[in-house]
Each structure stands twice: as structure tokens, then as C-alpha cells.
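Visitor:
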Amino acid sequence: MACFRVADASEYLAITGWGIDDVKLAKKAWVFVGQQCKKFDVTPVNYEFEVHAMSSEKLPFILPAVFTIGPKISEDGSHRASLLLYAKLIAPHDKNSSHVRELVRGVIEGETRVLAASMTMEQIFQGTKSFKQAVFENVQLELNQFGLYIYNANVKQLVDVPGQEYFSYLGQKTQQGAVNQAKVDVAEARMLGAVGAKEREGTTLQKAAEVDAQTKVFRVRQEAIGIKEQAKVEAEVKVYENEREAVVAAAKADLATKKAAWDRQTKVAEVEASKAVAIREAELQMEVEQKNALRLTEKLKAEQLSKATVQYDMQVQDSNAALYSRQKSAEAKLYEQQKAAEARKAQADAQFFEQKLAEDAKLYAKQKEAESLATVGKAKADYVAAMLQALGGNYHALRDYMMIDGGLYQEMARINAGAVSGMQPKISIWTGADGVGAGAGGGVGAGGAAMQHVSGVYKMLPPLLSTVHEQTGMLPPAWMGALPPKDEAN
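Residues in the sequence shown are numbered from 3 upward in steps of one, following our numbering.
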């Protein structure tokens, strides 16, 4: 019976059996009949050991170490191979069992002893960090084949084996060396202090004398610089004063020149003004004389030409009046013609619009009529196709039925009756072989089916057509067939 198994966050499912070639790892899966499922924890475990090793000088020592080891888990999924090894080799056992502990312990002790045997005690003691790193790397290489990964490795300080005092003596040596070095450092510090004090006193006196000499030199130099700067400033002031005086003199000369030019211009302007006044008076006097002459001339002209001018003006006014009258009359006629033309145009437009509406109405009616005819034709075509299918594809039966349904024979009878109206027609009565008769009171025999009616009507056609031919001399159309000869008819 199938069941759905789910592992915790720190667990995996190892599924084997039917449908699985090797081992299937999953966080959740269906477990079917013929399959086995085992959960295993992937939480890392701390393993604490005291590894007994020996250096290349045959000096034994103890290496306390704590390793955090577990199956490797990564986010990118690259851990599947190592996790599969762990599931096969380690997961069947409890990770805290003696089997797993002895396995890890054996790997760590073996690699540590091999590495320590290749190094001296001094190298191990001085290069503790590199020694720890080498142990870590070598142990990891061996654990990879079991799918295990070292998350953390903490190697403590090296310890002497019981009965051995190498690290103790080494510590005492280091301590005594430190004490002796401290005494040397103290004596050297005292010597440096005494010598330094004397050196400081001599240096102080030397520096004071040097500063005094430099101060005197600096003072003299500064005084010389001050005198030089003072002379330079006085020379610059004198040059500036001379430049200002030259500028003032040039400004005064320029002002005098401008004043003289302004006086000359003023006098010339006064003379020109007086002369201009005299010239203007003469011009005005001459204009007065000319105006007087012109006035007298105009007076004479006015007296001589007044009558002619008045007469000319009257004639012009008359001519203008006549011209204005004719212009107004012509404009009135033109306006009337324009209005008449506009009225005719409007009437023509109205007629054209009415005709266009009528033509549009006729066209719309024709279109609707054509559409109705097309619809009727399509309906008739569908009707004929349906009837032909109902009659089993018999075209002759369909033709006879449509002639009867269209009232063709009734119309022929009506025409014959009209032709023999008022005459003594020859009346023939006949019967068919199946008992179907024609004439007043004729009926259909037994059966009553629609096809029997059609068959009876079809058998009535030859004698009916013969009678029509005898009474009217009319022959049936060619598509209906031909009458038999008289001998055969008799």
C-alpha cells in the first residue's frame, strides 16, 4: 500500500526498491509497495579527541582537537554525490555510535601522526597555525570518500605526554629568556635615560645660541628690508604725484582749448543768427510782394473766368446727372438680370435635386426588387432541390409536378374553354388502365398516396393532349413530348 512520507528540515529520505536503480534521495516522496524508506539526520556532530603523535625527533605529544563533522549540504545542489555516499555508508549507523566515532577518530589520528612524523617539534610548536591547516586539509581528503565534511576544526594547544616535560622545559626556557631580556632592557633604558638627559642639555644650549645668532641676523636683515621698502614707497609716491600733476596740467590745457572753441562757436552762432534774421526778413518781404502780385492776378482771373467757370460747372453737373441716371438704370437692369439668373439656377438645382431623389428612390426600389427576386430564386432553387431529392432524383416526375403545381394545365383548360366558348365542343371521356378517369366527378382510386396522384395525373396527359389537339389544333411544346400517330391513337 502506498504512503506519502515527508522528512524534517534537517532530515532526508533514502528510498530503495522497486523502480529505483540505486538510492533515491528526497525531502518528500510517495513510497509504494516493494520500496523501503529510511530517514537519516544530516545535522553536524562535534567529535572531541586527544590525538597521540610523535615528532621526527621521536618526541611524543598530545594534540587536543574538536572537529564539527557532518554530511555536506549546499544551496546549488552540488552536494548530491557526497550526500548519496553518506546515505550508503554512514546513515545506516547512528552518527553518535562508536562505529562512526572510531571511523572519524582513526582518520584524524592517522593523518595527524603522518604529518607530525615529518616535522620537528620546533617546527610544530612555532608553526602551529600551518600545522593545524595541514591537518584539516589531509583529514578532509580522507573524509570525502565517506561523504563527510568538516564544518569546523579547533586544534587546542599542544600538551606533553605523561612522563615527558618537553613543553614544560620549553616554557621555562622561554620564561627565563623573557626575564633576562627584561633586565637587559631595563639597564639599557637607564643608560639611554642618562645619556639622553646630557644630550638634551647640550642640544638645548646649542639650539639657544643658534637661535640668538639667527635672531640678530634676521633683525638686521629685516631693518635693511624695511629701509629699502620705505625708499621704494617714497619713490612710488613721488612718481604718482608727478603723474597726477601732469594729468591736472593736461586737463587744464584741454579745458582752455575747449573754452576757446566754445567762445568761437558762440560768436559765429551770434553772427549767423543776426544774418539769418536779415535774410529771413528779406525772404518774407519778397514773399509778401509775390503774394500781392498773385492776389491781383487771381482777382483778374476770377473776374474774367468766373462766368465761364460757372457755365462749365453747370454743364458738368448736367452731364454728371445724366451719366448717373444712366448708370443707375444699367445697374438696376443688371441687378434684375442677376436675380433672375439666380432664381433660374435655384429652380434648376431644385429640379435636379428632385430628379436625383426620384432616381435614388427608383434605384433603391430596383435594388430591393433584385434582392427579393434573388431571395425568391434562391428559395425556389432550394425548394426544387428538396423536391428533386424527395422524388428520388426523377427529373420527369419533378417536371410534371411543377407543371401541375404551377397551374399550367388549368391555364390550358381556361384558354381552351375561351376558344370554344359559344361552340358545340366535342367532349371525350376516357379512362386509364388503372381505373383513373378524367371528367366531371373523376376521382382517385384506392391507395391515396401522393405518388399515386402524381402517377395518375401523368397517365392523364396523353389523352388530354390529344383532346386539346383535336379541338383546337394546338400541339404541345417539344419539351412535353409528341402526340402518337392517329392510327395508334384510335
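For every residue, glycine included, the Cβ atom is placed at its ideal position computed from N, Cα and C.
Taking only the alpha-carbon atoms, compute the straight-line gap between S457 and I406 and give it to the nearest angstrom.
Guide: Residue numbering aside, residue 457 sits at position 455 when the sequence shown is read from its first letter. Residue numbering aside, residue 406 sits at position 404 when the sequence shown is read from its first letter. Whole-angstrom Cα-Cα distance: 12 Å.
Visitor: Do L515 and L410 have their C-beta atoms within less than 7 Å of each other?
Guide: For the chain, the structure presents residues 3 to 492; residue 515 sits outside this window and is missing.
Visitor: In this structure, does DSSP put G444 in helix, strand or coil?
Guide: In the sequence shown, residue 444 corresponds to position 442, counting from 1. Here the model assigns G444 a pLDDT of 43, short of 50, so the residue's position is not dependable, and the following value carries that caveat. DSSP places G444 in coil when its eight states are reduced to three.
Visitor: Would you mind stating whether A55 and A118 have Cβ atoms separated by less than 7 Å?
Guide: In the sequence shown, the residue the question calls residue 55 occupies position 53. In the sequence shown, the residue the question calls residue 118 occupies position 116. Going by C-beta atoms, A55 is nearer than 7 Å to A118.
Visitor: I'd like to check one pair, K40 with A9: are the Cβ atoms closer than 7 Å?
Guide: To locate residue 9, count along the sequence shown from 1; it is residue 7. To locate residue 40, count along the sequence shown from 1; it is residue 38. No.
Visitor: Just how far apart, CA to CA, sit S100 and F51?
Guide: Walking along the sequence shown from the start, residue 100 turns up at place 98. Walking along the sequence shown from the start, residue 51 turns up at place 49. Taking the straight line joining both Cα atoms gives about 13 Å.
Visitor: Does the distance from the CB of K134 to the CB of V109 come in under 7 Å?
Guide: One-based indexing of the sequence shown puts residue 134 at position 132. One-based indexing of the sequence shown puts residue 109 at position 107. The Cβ-Cβ distance between K134 and V109 does not fall below 7 Å.
Visitor: Once DSSP output is grouped into helix, strand and coil, what is the label at E13?
Guide: Position 11 of the sequence shown holds residue 13. Three-state result, E13: strand.
Visitor: Quick one: what does DSSP say T377 is sitting in, helix, strand or coil?
Guide: If you number the sequence shown from 1, residue 377 lands on position 375. Correct three-state label for T377: helix.
Visitor: Based on the DSSP secondary-structure assignment, which residues constitute the bridge partners of A67?
Guide: As a first step, residue 67 must be located in the sequence shown, where it is residue number 65. In the DSSP output, where bridge partners are listed per residue, A67 has F51, V157.
Visitor: Pull up the DSSP beta-bridge partners for M56, would you.
Guide: Within the sequence shown, residue 56 is the residue found at index 54, counting from 1. BP columns for M56 point to P62.
Visitor: By the three-class DSSP mapping on this structure, what secondary structure does T45 have?
Guide: For the purposes of this step, residue 45 is taken as the residue at position 43 of the sequence shown. Correct three-state label for T45: coil.
Visitor: Using the Cβ count rule (16 or more neighbours within 10 Å means buried), how would you classify S84?
Guide: Numbered from 1 along the sequence shown, position 82 holds the residue referred to as residue 84. Within 10 angstroms of the beta-carbon of S84 lie 16 or more other beta-carbons, which makes it buried.
Visitor: Mind checking whether the beta-carbon of V250 lies closer than 6 Å to any heavy atom of the ligand ATP?
Guide: Of ligands this structure carries none, so the ligand ATP is not represented either.
Visitor: Using a 10 Å radius around the Cβ and a threshold of 16 neighbouring Cβ atoms, would you call E113 buried or exposed?
Guide: For the purposes of this step, residue 113 is identified with residue 111 of the sequence shown, where counting begins at 1. So E113 counts as buried.
Visitor: Counting along the chain, where does the alpha helix (DSSP H) carrying L85 start and finish?
Guide: Within the sequence shown, the letter at position 83 stands for residue 85. Taken as a continuous stretch (DSSP letters only), the alpha helix (DSSP H) holding L85 covers 82–91.
Visitor: Mind checking who Y151 pairs with in its DSSP beta bridge?
Guide: On the sequence shown, position 149 is the one that residue 151 refers to. Note: Y151 sits in a beta bridge opposite G72.
Visitor: For the candidate residues A191, V35, F148, E238, whose alpha-carbon lies nearest to that of I22?
Guide: One-based indexing of the sequence shown puts residue 22 at position 20. Among A191, V35, F148, E238, the Cα nearest to that of I22 is on V35.
Visitor: Quick one: give me the first and last residue of the beta strand (DSSP E) that A4 is part of.
Guide: Here residue 4 refers to the residue found at position 2 when the sequence shown is read from its first residue. Careful: A4 lies outside any beta strand (DSSP E) and carries neither H nor E.
Visitor: Are the Cβ atoms of I92 and I152 separated by less than 7 Å?
Guide: In the sequence shown, the residue the question calls residue 92 occupies position 90. In the sequence shown, the residue the question calls residue 152 occupies position 150. The answer is no: Cβ separation not under 7 Å.
Visitor: When you compare the CB positions of T474 and A421, do they come within less than 7 Å of one another, or not?
Guide: Taking the sequence shown and counting its residues from 1, one reaches residue 474 at position 472. Taking the sequence shown and counting its residues from 1, one reaches residue 421 at position 419. Result yes, Cβ atoms of T474 and A421 sit closer than 7 Å.
Visitor: Given a cut-off of 7 Å, decide if F69 and Y88 are closer than it, judged by their beta-carbon atoms.
Guide: Counted from its first residue, the sequence shown places residue 88 at position 86. Counted from its first residue, the sequence shown places residue 69 at position 67. If you check the CB distance, Y88 and F69 do not come in under 7 Å.
Visitor: Can you give the beta carbon distance from S76 to M121, rounded, assuming they're within the 8 Å contact cut?
Guide: Residue 76 sits at position 74 when you count from the first residue of the sequence shown. Residue 121 sits at position 119 when you count from the first residue of the sequence shown. About 34 Å; that fails the 8 Å criterion.
Visitor: Look at the Cβ atom of W32, then the Cβ atom of A67, and state whether they are nearer than 7 Å.
Guide: To locate residue 32, count along the sequence shown from 1; it is residue 30. To locate residue 67, count along the sequence shown from 1; it is residue 65. One thing to note: W32 has its Cβ no nearer than 7 Å to the Cβ of A67.
Visitor: Going by beta carbon distance, what residues of the same chain come within less than 7 Å of W264, once the five residues before and after it are set aside?
Guide: Locating residue 264 in the sequence shown gives position 262, counting from the first residue. Cβ within range, chain order: n/a, list empty.
Visitor: Might you give, ordered along the chain, the residues of its own chain that have their beta carbon closer than 8 Å to the beta carbon of N146, omitting 5 neighbours on each side?
Guide: Taking the sequence shown and counting its residues from 1, the one referred to as residue 146 is at position 144. Correct list, in chain order: S84.
Visitor: For T18, which beta-bridge partners are listed by DSSP?
Guide: In the sequence shown, residue 18 corresponds to position 16, counting from 1. In DSSP, T18 forms a bridge with Q38.
Visitor: Cα-Cα, which of S12, V53, Q183, F6 is closest to E30?
Guide: Here residue 30 corresponds to residue number 28 of the sequence shown, with the count starting at 1. Reading off the sequence, residue 30 comes out as Lys, not Glu. Checked all of S12, V53, Q183, F6; the closest Cα to K30 is F6.
Visitor: Pick from V137, Q125, N418: whose alpha carbon is nearest that of V116?
Guide: Numbered from its first residue, the sequence shown carries residue 116 at position 114. Comparing Cα-Cα distances from V116 to each of V137, Q125, N418, the minimum goes to V137.
Visitor: If V53 sits next to L65, beta carbons under 8 Å apart, how far is it from one beta carbon to the other, in whole angstroms?
Guide: Counted from its first residue, the sequence shown places residue 53 at position 51. Counted from its first residue, the sequence shown places residue 65 at position 63. With a Cβ gap of about 4 Å, V53 and L65 count as contacting.
Visitor: So for K30, helix, strand or coil by DSSP?
Guide: In the sequence shown, the residue the question calls residue 30 occupies position 28. Three-state DSSP puts K30 in a strand.
Visitor: Let's test the definition: count the other Cβ atoms within 10 Å of the Cβ of D402 and tell me whether it reaches 16, buried, or not, exposed.
Guide: For the purposes of this step, residue 402 is taken as residue 400 along the sequence shown, with counting starting at 1. D402 comes out buried.
Visitor: Can you list the alpha helix (DSSP H) stretches of 4 or more residues lying completely in the region 301–355, in chain order?
Guide: Scanning the region 301–355 from its first residue to its last, no whole alpha helix (DSSP H) run of 4-plus residues comes out.
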